[in-house]
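Numbering (our numbering), first residue to last: 69 to 244.
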């Protein structure tokens, strides 16, 4: 299925009352989505894994080895929190510290093979969960949501300052 085409922007057009209402409703949906995402994280934490630490693996896999301070900046998190999470990842053998080739006093964080396997397991769990909650949806509905949600995320990312965009790359879009 091809992506949903964006309507041509007409800067002279005045937003309709219906469009304003839709944008207001969307603005109410976004915080609800964030609260649901947080509730899902808390439910997943019940399995004993430190999901907050594990999610740091994703940017390390995507971007490559980083200094801990750069990772904290990239994910917009407090350096002390990232430090605590990184220590747990190192202890679990999911990340290792290696000397920074440009500054021998510093280290970079490198994801191990076990860390890459953990990332893949997390992706599979997330995919299985979404497959289950959308099982009753038509293929077309799922494709439309996927296209439009990806588009919304891309447009929200584009509105960020340039130095913040690296943390939010576009997701690959698979088509059948």
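Cβ atoms here follow ideal geometry from the backbone N, Cα and C, with glycine treated the same way. Small disclaimer: the values here were computed from a predicted structure and weren't measured.
Separation of residue j from residue i, as counted between CA atoms
i           : j           : result
residue 152 : residue 199 : 33 Å
residue 188 : residue 181 : 11 Å
residue 217 : residue 83  : 22 Å
residue 100 : residue 166 : 40 Å
residue 191 : residue 169 : 31 Å
residue 212 : residue 193 : 22 Å
residue 96  : residue 104 : 13 Å
residue 68  : residue 98  : Nothing about residue 68 can be reported from this structure: the residues present for the chain run from 69 to 244 only.
residue 158 : residue 136 : 12 Å
residue 112 : residue 196 : 13 Å
residue 138 : residue 108 : 27 Å
residue 150 : residue 228 : 22 Å
residue 202 : residue 140 : 34 Å
residue 214 : residue 87  : 21 Å
residue 110 : residue 144 : 20 Å
residue 106 : residue 118 : 14 Å
residue 223 : residue 236 : 11 Å
residue 146 : residue 210 : 36 Å
residue 102 : residue 172 : 40 Å
residue 221 : residue 179 : 26 Å
residue 186 : residue 208 : 31 Å
Short Cβ contact (8 Å threshold) for residue i with residue j
i           : j           : result
residue 184 : residue 129 : yes
residue 156 : residue 121 : yes
residue 154 : residue 177 : yes
residue 233 : residue 225 : yes
With 16 other Cβ atoms within 10 Å as the buried cut-off, status of residue i
i           : result
residue 16  : The structure shown does not extend to residue 16, since the chain is modelled only from 69 through 244, so no value can be given for it.
residue 94  : exposed
residue 24  : The structure shown does not extend to residue 24, since the chain spans only 69 to 244, so no value can be given for it.
residue 74  : The pLDDT assigned to residue 74 is 49, lower than 50, so where the model puts this residue is not dependable; a value taken from the coordinates is nonetheless given after this. Under this definition residue 74 is an exposed residue.
residue 230 : exposed
residue 76  : Because the pLDDT of residue 76 is 49, which lies under 50, any placement of that residue in the model is unreliable, and the number read from its coordinates should be weighed accordingly. The residue in question, residue 76, is exposed, as its Cβ has fewer than 16 Cβ neighbours within 10 Å.
residue 174 : exposed
residue 85  : exposed
Validate contact between the stretch 121-129 and the stretch 155-169 using beta carbons, cut 8 Å, 3 pairs: yes
Ordered list of alpha helix (DSSP H) runs contained in the stretch 120-158, each at least 4 residues: 125-131 and 136-142
Runs of beta strand (DSSP E) lying entirely within the stretch 149-222, each at least 3 residues, in chain order: 163-168 and 171-179
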